[in-house]
Structures are given as C-alpha cells and as structure tokens.
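One structure is given below, encoded as structure tokens.
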Amino acid sequence: MGHGEGRGEGSGGENSVNVEKHLKSVVVDNGEAGDNEAKNMSSERQSSKWSPYRRQMVLEWHNVNYSVAFPGKRSWNPFQKTETQESKKFTILKNVSGLVRPGELLAVMGPSGGGKTTLLNALAGRANFVPEGSILFDGKPRVADTRRKIGYVMQDDVFFTNLTVRQTLEITARLRLPRDVPHKQKMERVDYILQRLGLLRCQNTIIGDQFRKGISGGERKRTNIADVLLVEPSILILDEPTSGLDSNTALTVVRLLKELASEGRTVITTIHQPNSMMFAEFDKLLLLASGQTVYYGPAKEAVSYFSRLGYECPYGFNPADYFIALLTNEDFGQSEPIRQKLIDAWKGYELDADLDYKVSEEKHELQLAEAEQHRTFGQVVKDYVADVRSEFDTSPESGKYPTTFLDQLRVLAWRAYLQKKGKLFEKLTIFQGCVCCTNSFVYLVPNPSRYQLFNGPYGCSLLCWIILGILYHVPSLDDFTNRKARSLKGAGFRCIQAFCILSWESASGSTFGFDLSLLF
Numbered sequence: 001m002g003h004g005e006g007r008g009e010g011s012g013g014e015n016s017v018n019v020e021k022h023l024k025s026v027v028v029d030n031g032e033a034g035d036n037e038a039k040n041m042s043s044e045r046q047s048s049k050w051s052p053y054r055r056q057m058v059l060e061w062h063n064v065n066y067s068v069a070f071p072g073k074r075s076w077n078p079f080q081k082t083e084t085q086e087s088k089k090f091t092i093l094k095n096v097s098g099l100v101r102p103g104e105l106l107a108v109m110g111p112s113g114g115g116k117t118t119l120l121n122a123l124a125g126r127a128n129f130v131p132e133g134s135i136l137f138d139g140k141p142r143v144a145d146t147r148r149k150i151g152y153v154m155q156d157d158v159f160f161t162n163l164t165v166r167q168t169l170e171i172t173a174r175l176r177l178p179r180d181v182p183h184k185q186k187m188e189r190v191d192y193i194l195q196r197l198g199l200l201r202c203q204n205t206i207i208g209d210q211f212r213k214g215i216s217g218g219e220r221k222r223t224n225i226a227d228v229l230l231v232e233p234s235i236l237i238l239d240e241p242t243s244g245l246d247s248n249t250a251l252t253v254v255r256l257l258k259e260l261a262s263e264g265r266t267v268i269t270t271i272h273q274p275n276s277m278m279f280a281e282f283d284k285l286l287l288l289a290s291g292q293t294v295y296y297g298p299a300k301e302a303v304s305y306f307s308r309l310g311y312e313c314p315y316g317f318n319p320a321d322y323f324i325a326l327l328t329n330e331d332f333g334q335s336e337p338i339r340q341k342l343i344d345a346w347k348g349y350e351l352d353a354d355l356d357y358k359v360s361e362e363k364h365e366l367q368l369a370e371a372e373q374h375r376t377f378g379q380v381v382k383d384y385v386a387d388v389r390s391e392f393d394t395s396p397e398s399g400k401y402p403t404t405f406l407d408q409l410r411v412l413a414w415r416a417y418l419q420k421k422g423k424l425f426e427k428l429t430i431f432q433g434c435v436c437c438t439n440s441f442v443y444l445v446p447n448p449s450r451y452q453l454f455n456g457p458y459g460c461s462l463l464c465w466i467i468l469g470i471l472y473h474v475p476s477l478d479d480f481t482n483r484k485a486r487s488l489k490g491a492g493f494r495c496i497q498a499f500c501i502l503s504w505e506s507a508s509g510s511t512f513g514f515d516l517s518l519l520f
C-alpha cells in the first residue's frame, strides 16, 4: 500500500510538472496571440466604444416544482380547534425541465394560469419562494453574483412618464454601470443601444401616459428591452413582450429577440398565441398546461410530435393557435381528458427519449471540448479572470450594487427634478415659494406681541396642509420599477423619495392644501 501511494504521489508530481510545461508551451506558442489580444484589450479600453464584458451562459432546470397550500375551513364553533376540511395544495409547477444554450430563443407558451410567469420568476431569481428542483447556470447553482448576469423585462412597462427615452437610458446607465467607467463611455454606451434598437428617432420624446401623448407601444417595449441591455446580460428573460401590440409590431419585437439571441445571448420569453411568422422565429418551444410540460423541444418539430399523437394540425393553420386550442379544449367538444392525455403522453415520451437525450448531450460536450481547443489565449484569460472575480472577490469595491450611495442619491435627485419639472408647474412653484417667504416674515417682526395671537394657529394650519400633501404620495413608494429590479439601495431610494419628491408635494400643500400635480 505504501509503495502504491508513493507511486501515486510520484505520478502526481510528474503530472504537475507536465502541466506546468504544457502551460509554458501554450504561453510561448500563443505569445504573439496573447500580445495581440492584450493590445486589442488595451485599445478597446482606450477607445470610446466601451461595452460590458458578457460571457455566454447555459441555463438549465430539472424537475422544478412549486405548489401553494390553502388552509382548510375551520368550524364555526370557537372552542373547536380541529379543521372541518383538510388543507389543500394547488400545484403551479410540476416536474418542469428544460435547457437553453447561448444563441437560442426559447418560447414558453400555454393557456392562462399554466405557470409561465411563475417559471420565469423562478429562473430569474425574482420569486418570493424557493422552488423545488435544480436551476443551474453553466452547470453551477445560483450564487449572489448571478443576478447581475440576468436581465429581466417585466410585462408592464413602468417608466417615469415625463422623462424622454434618452434620459431614461442615461439614468439607468449612471445607476447600473460600474462606477469605474467614465461618464463619457457610459453615454456612448447609451448611444449604441439607442441605435441598436432603432430608438434614435424617438430618443427626445417623452415616455408619456394616458394624459400626455408620448412614444408608441412598440417603442415602449423596445425602450424596456434597451433599459435591460445597457448592462449586457448573459441571459435575457422577458415576460409577455408582445402583449398589447399589433401583429406587425409584435413581429418586429420577436425578430429583435432573435437577433439578440444570435449574438450569443440566452433568451427566454413567454408569449401568448403568436402568429405563424412569429412562431417560425423560435428555436425551442416549451408548452405548459396546468403547470406541467406538454411539449419541450425544437419548435419546428412540435407539429410532427402532435401528429404522431393523433392531433394533426390542419394545413395552413397557425401551429400556435392549434396548440392553445388543444389545451383549452376549444372547438373539440371535449373537456379535461384531452389536456391530461397530452400531459401523460409527454411523460411517456420523456422516458423513451431519455437515452437519446443523454447521447445528444455527450455529443454536445464533445463539440464544446473541440471548440475549447480553438479558443484564443486572450479569451481563456478573460473567462478565467471573470470567474475568479465572481467567486473570490470579497473586497469592498465588489459590493452588492455597482454604484455608491451618494452617486445614487445624486442621480435620483436629478431624475426627481426631471419628472416634476414643467413650465406651468415651475411658475406655480415659484409663486408658492414667494408666498411662503412672505408669510415667514411674520415671525421676524420686532414687536411679536402684535402677532402673537396669529403665530400658533398659522403654524398649526401650515403643518396640517404639509402633512396632507405628503400623505397622498406615501402609499405609492412601492410601485417603482427600479426598486423591483433590485438595482438600487433601499436606503437611497427611500431618502430620495422623502427628500426630493415629497418636498415638492409639501410645497404644494403648504400654500393651497392639495396636490397641484393632479391638475396637470
């Protein structure tokens, strides 16, 4: 045993020496390539065309489950502690699995209440629950730094309505891009995103709302996507990006997602009944019903799969509409059995295709190994440095947020001013300030006994009007998208709301006793 161990140690030492020699040979052989890569990296850093480094990531999830427990009904007798009915569990997701590689566009489809949005929230780490199963990023579990590599586009386009498209993106760049990036390069990053997503024509147009006309619905969707693309995420997850759009605009958005995926991103989106041209753009399809998988695989093979089950899509019929009609039992004269039959059929198909799936995965791993051998020396160094930074960097500079508290406070104050400004509102605000200053001179009169009877009531009434103006906006502090996206520090967000926004409302209430912004 001792001799064997000695041989093992000796072989290990020889292996380490061979590895060192191999690395030295690689460095020598790739010396010129490494110098060229270093020159390119330095030139890119010095040039104005700066962009965040994005590493391609594979997202996979296995047997994801989530259920909600509903408590049973209690007896009317207050002295009876036992429940008359047992608590029930409502299954939202059940054994859902999938895999998306860089360059692929996955569409998650299904009837309403099928668990599509819940699955996206679980994959993006935005859910307020911990799902059962495994969610892996490049074969590794989720870590704290993973959220920076995921871009999530919400279904509702929540923006500040008085800001223009450019101002919205500039504020996002100042808040979310690293603090060591110069301001000029951040603004040039904004210019690139505006040009990339076709927003140059409307860059100086306000977002608008139901009272003030702004950009169109398609431009709002592209602005929402641009707001996420500023930080160059490796994985892009979108919840219903085509909702509320006409067919032509929705097709433009889907083709944009296809282009973004072709650049090496992993793109996942939920979509509700796309037309045939939009369906042809998808690489993969995940069809959900009652929280369970009905089909997962290449989108172009979905029609043949349902044909083998006896459900052949009519010629010239939109496949997406046909699948949804099957799952919602429309025009088929049947109820629940057809949906359950499709779910059971997929379970059997998964068992039969498990061996083929493993073989295809082994082939894919061999292809990745071959591609790894042809990577340049500079690319290897970049990925290695990125891994070391994400796993071992515990310095104060690698905090949870890319910008400091003071930077966020300054940017948010400027955003609050842009949101509240307006020619008419500015004049009224100046008038309010003059009235308040004039009234304040009452306290500076040399003979206070003459006005002593008025100071107390005036101060009380002034305080009441200020409180009334502030209370109107306190419940709305939880509805902003930046806090939901977790891109800002909670303390900074609360401070700027209290200092900037509420101060405007207190000025309104101090003079007139109501919120002047309701008039405009």
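Residue numbering for the sequence shown follows the UniProt record's numbering, starting at 1 and increasing by one per position. Ideal Cβ placement from N, Cα and C applies to all residues, glycine included.
Can you tell me which of the three DSSP states LEU106 falls into? strand
Just reading off the beta strand (DSSP E) that GLU312 is part of, what are its end residues? First-last for GLU312: undefined, no H or E at that position.
Could you name the residues of the same chain whose beta carbon sits closer than 7 Å to that of TYR295, not counting the 5 residues immediately before and after it, in chain order? LEU285, LEU287, ALA302, TYR305, TRP346
With a cut-off of 8 Å, do at least 3 Cβ pairs link the segment 220-232 to the segment 146-159? yes
Based on the DSSP output, what are the partners of TYR296 in its beta bridges? LEU286
So, using beta-carbon positions, are GLN340 and LEU175 closer together than 8 Å? no
C-alpha gap between ILE271 and THR117, whole angstroms: 10 Å
Between the beta-carbon of LEU163 and the beta-carbon of ASP227, is there less than 8 Å? no
Bounding residues of the beta strand (DSSP E) (the contiguous stretch that carries SER97): 88-100
Cα-Cα separation, THR172 to LEU418: 14 Å
DSSP-derived helix/strand/coil call for ILE225: helix
When we look at the beta-carbon of LYS149 and count the other beta-carbons within 10 Å, is it buried (16 or more) or exposed? buried
Same chain only: Cβ atoms within 8 Å of ASN63, ignoring 5 sequence neighbours per side: ASN95, VAL96, SER97, GLU132, GLY133, SER134
Can you name, in chain order, every residue of its own chain whose Cβ lies under 6 Å from the Cβ of ASN224, other than the five neighbours on each side? VAL153, ASP157
Comparing C-alpha positions only, which one of MET278, PRO233, VAL267 sits nearest to THR249? MET278
Could you tell me how far apart the beta carbons of LEU197 and VAL231 are, in whole angstroms, since I believe they sit closer than 8 Å? The Cβ separation is near 14 Å, so there is no contact.
Assign GLU263 to buried or exposed, taking buried as 16 or more other Cβ atoms, counted over all protein chains shown, within 10 Å of its Cβ. exposed
One question on the structure: do GLN56 and PRO102 come within less than 8 Å of each other, judged by their Cβ atoms? yes
Can you name, in chain order, every residue of its own chain whose Cβ lies under 7 Å from the Cβ of VAL411, other than the five neighbours on each side? ILE171, ARG174, LEU175
Whole-angstrom C-beta distance between LEU59 and LEU123, which should lie under 8 Å: 7 Å
Per DSSP, PHE137 forms a beta bridge with which residues? LEU59, LYS140
Top-ranked residue by Cα proximity to ALA280, from VAL267, PRO298, GLN292: PRO298
The alpha helix (DSSP H) with LEU230 in it runs from where to where? LEU230 -> no alpha helix (DSSP H), and no H or E assigned at all.
Where does the unbroken beta strand (DSSP E) through ILE268 begin, and where does it stop? 266-270
Ignore the nearest five residues each way along the sequence and tell me which others in GLY8's own chain have a CB closer than 7 Å to its CB. Confidence at GLY8 is low in this model, with a pLDDT of 40, below 50, so the placement of that residue should be treated as unreliable; the coordinate-derived value is given next. The answer is none, since no qualifying residue turns up.
Member of ILE206, SER112, ASN65 whose CA lies at the smallest distance from the CA of ALA289: SER112
For GLY151, three-class secondary structure by DSSP: strand
Straight-line Cα distance separating ILE237 from VAL130: 18 Å
Which same chain residues, not among the five before or five after SER67, have their C-beta less than 7 Å away from its C-beta? LYS89, PHE90, THR91, ILE92
What does DSSP give as the partner residue(s) for VAL253 in the beta ladder? Note: VAL253 sits in no beta bridge, so no partner.
Answer with buried or exposed for ARG212, where buried requires no fewer than 16 other C-beta atoms within 10 angstroms of its C-beta. exposed
Please state the DSSP three-state secondary structure of THR205. coil
Neighbour-count burial assignment, ALA144, 16 or more Cβ in a 10 Å radius: exposed
Label LYS186 either buried or exposed according to how many other C-beta atoms from any shown protein chain fall within 10 Å of its C-beta, with 16 as the threshold for buried. buried
Backbone CA spacing between SER307 and SER247 [nearest angstrom]: 27 Å
Name the one or two DSSP bridge partners that THR164 has. ILE206
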